[in-house]
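Data block below; observations after.
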Amino acid sequence: MTKYLLILLIGLTSLGCSSDDDSSENNLVIYNQTYCSDPWESMENNRDLVDQIITYFATKNIVISNVTIDDKGTQQVCLACFCLTGKRIILEVNKNDLEAIKEYGFQEYK
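In mature numbering (1 follows the signal peptide of the UniProt record, and there is no 0), the protein residues as written are -19 to -1, 1 to 91.
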């Protein structure tokens, strides 16, 4: 319960601090999820994964505006942590955070 309150507080704070709601200030980035090499904790449930990603990047001072998870990636059937699950994580981030988010393996998505 506290985790959801923290996420709500972070979301409301980011909305309240926004000085410009122009969507051109945001960029889409994409990441192919691994089985266990991602810096945030792996979650089976997509809703829990979204919460985990938002919370993780909040601790890194990177605000995530939107998160989409789909199964359109390439799944690798292997047992190594770095193998791909087939899930793609698509985030919307402020253009000022673009270089920082790329350090975590995200790429611009157009």
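Glycine included, every Cβ here is placed at the ideal spot set by N, Cα and C.
Since the model is a prediction, treat every value here as computed from it, not as a measurement.
Check: DSSP-derived helix/strand/coil call for Lys76; Outcome: helix
Check: Neighbourhood of Phe87 by C-beta distance below 6 Å, restricted to the same chain and skipping five residues each side; Outcome: Val10, Tyr12
Check: Rounded Cβ spacing between Ile70 and Ile50 (contact assumed at less than 8 Å); Outcome: 6 Å
Check: Own chain partners of Trp21 with C-beta closer than 6 Å, once the 5 adjacent residues on each side are dropped; Outcome: Gln33, Ile34, Tyr37
Check: C-alpha distance - Ser4 paired with Asp29, whole-angstrom precision; Outcome: Residue placement at Ser4 is flagged as unreliable, the pLDDT there being 48, under the threshold of 50; a coordinate-derived value is accordingly withheld.
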